[in-house]
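Novice: Going down the list, the protein sequences come from chains L and U.
The letter at position 429 of the first sequence is residue 428 when you use numbering that gives the first Met the number 0, and the numbering goes up by one with no holes.
The letter at position 545 of the second sequence is residue 544 when you use numbering that gives the first Met the number 0, and the numbering goes up by one with no holes.
This is the structure I have questions about; it appears just below.
There are 2 protein chains.
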Amino acid sequence: MTTLFERHRPTLQAALDAAVKRDYWSAYPEIPSGKLYGETAKDDGLAAYKAFLGKPFRIANHPATRVVGAEVSPYGPPLGITYPAATVETLASASQAAARQWALASVDVRVGICLEILARLNARSFEMANAVMHTTGQSFAMAFQAGGPHAQDRGLEAVAYAYAEMRRTPEEAIWTKPQGKGEPITMEKHWRIMPRGISLVIGCNTFPTWNSYPGLFASLATGNTIIVKPHPAAILPLAITVEIIRQVLVEKGFSADTVLLAADAPGLEITKDLVQHPAIAIVDYTGSNSFGAWVRSNAGNAHVYTEEAGVNSIVIGATDNFAGMCSNIAFSLSLYSGQMCTAPQDIFVPRGGIETDEGHKSFDEVAAGIAAAVDGLLSDPARAAGVCGALANAATLARIAEARSLGRVVRDTAPIEGLGDARTATPLILSVDAADEAAYAEERFGPITFVVSVDDAADGVERAAELAERKGAITAALYETDEARILAAADRFAAAGVNLSVNLTGGIYVNQSAAFSDFHVTGANPAGNASLTDAAFVANRFRVVMWRRPVAA
Amino acid sequence: MTTLFERHRPTLQAALDAAVKRDYWSAYPEIPSGKLYGETAKDDGLAAYKAFLGKPFRIANHPATRVVGAEVSPYGPPLGITYPAATVETLASASQAAARQWALASVDVRVGICLEILARLNARSFEMANAVMHTTGQSFAMAFQAGGPHAQDRGLEAVAYAYAEMRRTPEEAIWTKPQGKGEPITMEKHWRIMPRGISLVIGCNTFPTWNSYPGLFASLATGNTIIVKPHPAAILPLAITVEIIRQVLVEKGFSADTVLLAADAPGLEITKDLVQHPAIAIVDYTGSNSFGAWVRSNAGNAHVYTEEAGVNSIVIGATDNFAGMCSNIAFSLSLYSGQMCTAPQDIFVPRGGIETDEGHKSFDEVAAGIAAAVDGLLSDPARAAGVCGALANAATLARIAEARSLGRVVRDTAPIEGLGDARTATPLILSVDAADEAAYAEERFGPITFVVSVDDAADGVERAAELAERKGAITAALYETDEARILAAADRFAAAGVNLSVNLTGGIYVNQSAAFSDFHVTGANPAGNASLTDAAFVANRFRVVMWRRPVAA
């Protein structure tokens, strides 16, 4: 019988190779096509999603003392789904009871199971797309990509890195030390991978799978048991994930409780109790800086990997493609209504204007050009809905309303037509001066953009980089035609720990990071302490323990 | 001109290969031989050491606002050496001023410099041996090996791991994403290694170089600047180290302040202020659990790597070489008077005795056999001095005196004859029952051993492993003839995160861990949170930052 590891080995090998080359590669097709996923996949996925609505979500044999669930689609209706819920103590005990068996499984068995889980998640990408869409507000197309294949790629990337790290030390070696003219001393040595303990994965509202899979799969592959704590507004995508994982585990003879769901209710979150539980050895967290700081301070001896938040900037110095620049930026501001952790917030533009292929453009003309490009992009309501989606949280609407007074309105926000009860808002673009730090130097989550007037491009780079160092930033973008200034900006943003995109005018956006090529977050500024996915993200999720003895002469 | 990297590349490559194979390998000869180190090396090293005594230690251009220094040799005389000392703020500012230049150096330049430093340290191993001997109390032979070539091997190991980690991501790649029938999107991507910041290395009294070099060289190779904080009783070995490092840095055009010495005075230690300074990004700490817990709790967002302490055990179930077992254990107990973090403290023996090649041995006969082997090993005072050395700290003498009442004295401690004013003590061996946890379950640093009566070998394994989980342990040893029981013990000690040595009867001792083969400390129990040296020890000392742009069509 072919093992799961053997069956999926080509995928693993390709992932390992891709992570070294860092050219484009993906294991899971990002196009929601019937040719790739099966002609009925789209309808089947929608039907599967609808079948969840208004019912208890079943996870076979999951510990449960009560049910929770109050998800409401940003597109309008409540989902009406309840989930099994248990106390922190019950979850921790169940996780610990499953630990020994999973720890003793071989690296290949664990990695094979992870790869099988990813394959099954991929097959259910349409179902997941609906679940992600109606918990995050992403448009269907984006929910499919980001919630499905792109999240699966990030999970696979973590499995590949984990596999590589676990294979760095041999399982056995013979150690022979010469003794001059005497007989050498010979020892046999045996090493094994030992997990850390329980790994807690804290999901976020906006990207419940994409941001959770790296930590989940890195910890699972390295032998830890997992407790997945979804955001109370986005439980379904992770409930589906946990259910699939438990199915595969049970089929292969492992305890389903190796992976548990810690669903909770809004206002009654159990996250803090989980983080502080002494059995939690690893925490993966995606969310705000304020709660992130609490997690980092209160996790005791647990290892904490965070993606928090920051203020991402674009600096415009000059461009040889003004129209392309404006439409590229317009898309970045509009995509998922600015609710991506990679979305730009501040656009620094010289107050004296910039040189372009269309001649000199004043500061106001640059701001107006971007605003016009947003208008053009979103002029068709159907396209606007496809790009912007809906707002995950009502607080974002309030935040946009408050922000309108923070500067001169260059482009006003508006709801998107034709989406019924959906909570929507197109980008608000404000113009401010560099001195107005109170306006633009705070993270204002959602479709809120500041065009900030600065002395010149170098001033913009310095302010953007300094802001990244102080508040965190996950992305930065630069438009510049002078090579020396490009290289100087690359140096400065590198020092600030921000990944920089230069002169994007086509079909690649600063918001996007591609698995196996782009590291997501650097871990080098307050936007997060870890990177998806590098060796540091996985190497400390397990330990290596040896035993040795003399080889009989 | 050959670069340092090219000159030392064969050593680096051999180290990289050795770390993968984990067979015996060493870059620096451990035998203090004139043939290897030069016929006058021994005399030259002693003369160099003597030339330091009674004078200010000069480190060219080192920040200094005062001098400190109160080292006293455990062999008697005060060293009378003073060292440049500065405030924490001065040191942090000087370190930060050197940071940018060192961060911008290429990986090969930094690694080449590290390898050159190690080569120069190696050439001065005799001088270092005297410095280590008279600050730690190690015998000359041990001080040469552990303070010189073995420490250098551990430094080289860290450089090799750092090099491998930094080379895992390419410096550049072309990313080409197919677009169906359209032109592919092509991006160029550039990655660079960015250090974390200032790396603080906190040395210990007993192994000032061996325990400091891994963190020091891992951080230096990855681009961080370093502040070395020696134990106030063992400054000289690290002062020599820092002085050599600064020489090489200056020769290659870098700021000497890339590596600084933070000498302080007993009772006026600046360690806490250093740990809490916001510019400190990495802390490597070797020392007690109590201060280790303080460091882990108070280092803020700095990454902390610790080797703390624990209670190491031997479990005796059976042996086919009773004499060899007793003499092997006797050496482990006597070596450096039990002041190694790897030295055994507790020996668990079935109260009904064990089967041996010399027939059944009662509990008392086993204890007596070990005691007699210690007596034999130390019967010649010169050999006793060479094995035991002196006690680093007067508190250890007091601890031994107090311990005498904790059980039945099987072998009493005694000073070593012929060493003049040296502070010495041979092993104290006590017999206790498994119920006397108050006696044996605490770390009692120094030559204090408990032979603990247990129900049977399995009971001993369980108690030893549980003690490791609760109090920490760096080593464990087992004597057993039944293969199933050996494998069961290997499982149990692995679960407790302790490296296990089985049936050592010849020239390898449980105290010893060999660079490039044995990982030192697992990081999986309270004896430390890191391992010397694995990928996890180096991979998070730097971050990777990218910039990317479209490739012009």
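Yeah, the Cβ is synthetic: ideal placement off N, Cα and C, and Gly gets one too.
These figures come from a predicted structure and were not determined experimentally.
#1: Is the CB-CB distance between U/T423 and U/T412 below 7 Å?
#2: Is it buried or exposed for U/S296, if we count other Cβ within 10 angstroms and need 16 for buried?
#3: Using a Cβ-Cβ distance cut-off of 7 Å, determine whether L/V543 contacts chain U.
#4: Is DSSP giving U/F362 helix, strand or coil here?
#5: Who are the Cβ neighbours of L/G522 in its own chain at under 6 Å, not counting the five residues just before and after it?
#6: Is it buried or exposed for L/D374, if we count other Cβ within 10 angstroms and need 16 for buried?
#7: Looking at U/A372 and U/C340, is the spacing between their C-beta atoms short of 7 Å?
#8: What do you reckon, are the CB atoms on L/F518 and U/V409 nearer than 7 Å?
#9: Given a limit of 9 Å on CB to CB distance, which residues of the segment 218-252 of chain L reach chain U?
#10: Between which two residues does the alpha helix (DSSP H) containing U/R119 stretch?
#11: Using a Cβ-Cβ cutoff of 7 Å, what residues of the segment 14-35 of chain U are near chain L? List them in chain order.
#12: When the distance is taken between beta carbons, is L/A122 closer than 7 Å to L/V131?
#13: Mind checking if U/M165 is an interface residue toward chain L, Cβ cutoff 7 Å exclusive?
#14: Apart from the five residues just before and just after L/E354, which ones in its own chain have a Cβ nearer than 6 Å to its Cβ?
#15: To which residues of the same chain is U/Y160 closer than 8 Å at the C-beta, ignoring the five residues directly before and after it?
#16: What did DSSP end up calling U/R410 once you bin it into helix, strand or coil?
#17: Give a yes or no on whether the minimum CB-CB distance between L/R191 and chain U is below 7 Å.
#18: Could you check where the beta strand (DSSP E) with U/R65 kicks off and where it finishes?
#19: Can you tell me whether DSSP reads U/K228 as helix, strand or coil?
#20: What's the gap between the Cα of L/E70 and the Cα of L/I80?
#21: Taking a cut of 9 Å between CB atoms, which residues from the segment 311-326 of chain U lie near chain L?
#22: Would you check if there are 3 or more beta carbon pairs closer than 8 Å linking the segment 299-310 of chain L to the segment 279-288 of chain L?
#23: Quick check: L/F347 and L/V451, are their CB atoms within less than 7 Å of each other?
#24: Which of the three DSSP states is assigned to U/M127 in this structure?
#25: Rank L/D22, L/I473, L/E171, L/D454 by C-alpha distance to the C-alpha of L/A495 and give the top, closest one.
#26: By DSSP's criteria, U/T175 is part of a beta bridge. Which residues make up the other side?
#27: Any residues in the segment 517-548 of chain L with a beta carbon nearer than 8 Å to a beta carbon of chain U? Which ones, in chain order?
#28: Tell me, please, which residues DSSP counts as bridged to L/F449.
#29: Taking the alpha-carbon positions, what's the L/T562 to L/L90 distance?
#30: What would DSSP say about L/W24, mapped onto helix, strand or coil?
#31: By the 10 Å Cβ neighbour count, where 16 or more other Cβ atoms means buried, how is U/T205 classified, buried or exposed?
#32: For L/N327, which of helix, strand or coil comes out of DSSP?
#33: Under 7 Å Cβ-Cβ, which residues of chain L neighbour U/K176?
#34: Excluding sequence positions up to five away, which residues of its chain have a Cβ less than 8 Å from the Cβ of U/V249?
#35: Beta-carbon separation of U/I201 and U/K228 under 7 Å?
#36: Who are the neighbours of U/A493 on chain L, taking C-beta pairs under 8 Å?
Specialist: Working from what's here:
#1: no
#2: It counts as exposed.
#3: yes
#4: helix
#5: Its chain contains N528, A529, S530 as the residues whose beta carbon lies nearer than 6 Å to that of L/G522, once the 5 sequence neighbours on both sides are disregarded; these appear in chain order.
#6: exposed
#7: no
#8: no
#9: none
#10: 106-122
#11: For the segment 14-35 of chain U, which is checked against every Cβ of chain L, the residues closer than 7 Å are K20, R21, D22, Y23.
#12: no
#13: no
#14: The residues are A317.
#15: A18, A217, T532, D533, A534, F536, V537
#16: strand
#17: yes
#18: 65-67
#19: Here U/K228 sits in strand by DSSP.
#20: 7 Å
#21: none
#22: yes
#23: yes
#24: helix
#25: L/I473
#26: Paired residues: U/T185.
#27: D517, F518, T521, G522, A523, N528, S530, D533, A534, A535, A538, N539, R542, V543, V544, M545, W546, R547, R548
#28: L/D345, L/L429
#29: Residue 562 of chain L falls outside the range modelled here, since chain L spans only 0 to 552, and no answer is possible.
#30: The answer is coil: DSSP assigns L/W24 none of H, G, I, E or B.
#31: Counting Cβ neighbours within 10 Å, U/T205 comes out buried, since at least 16 surround it.
#32: DSSP places L/N327 in helix when its eight states are reduced to three.
#33: Y23
#34: Apart from the 5 residues on each side of it in sequence, U/V249 sits with its Cβ closer than 8 Å to the Cβ of A59, A255 in its chain, given in chain order.
#35: Taking 7 Å as the cut-off, the Cβ atoms of U/I201 and U/K228 count as close.
#36: Among the residues of chain L, those whose CB is under 8 Å from the CB of U/A493 are R191, M193, V544, W546, following chain order.
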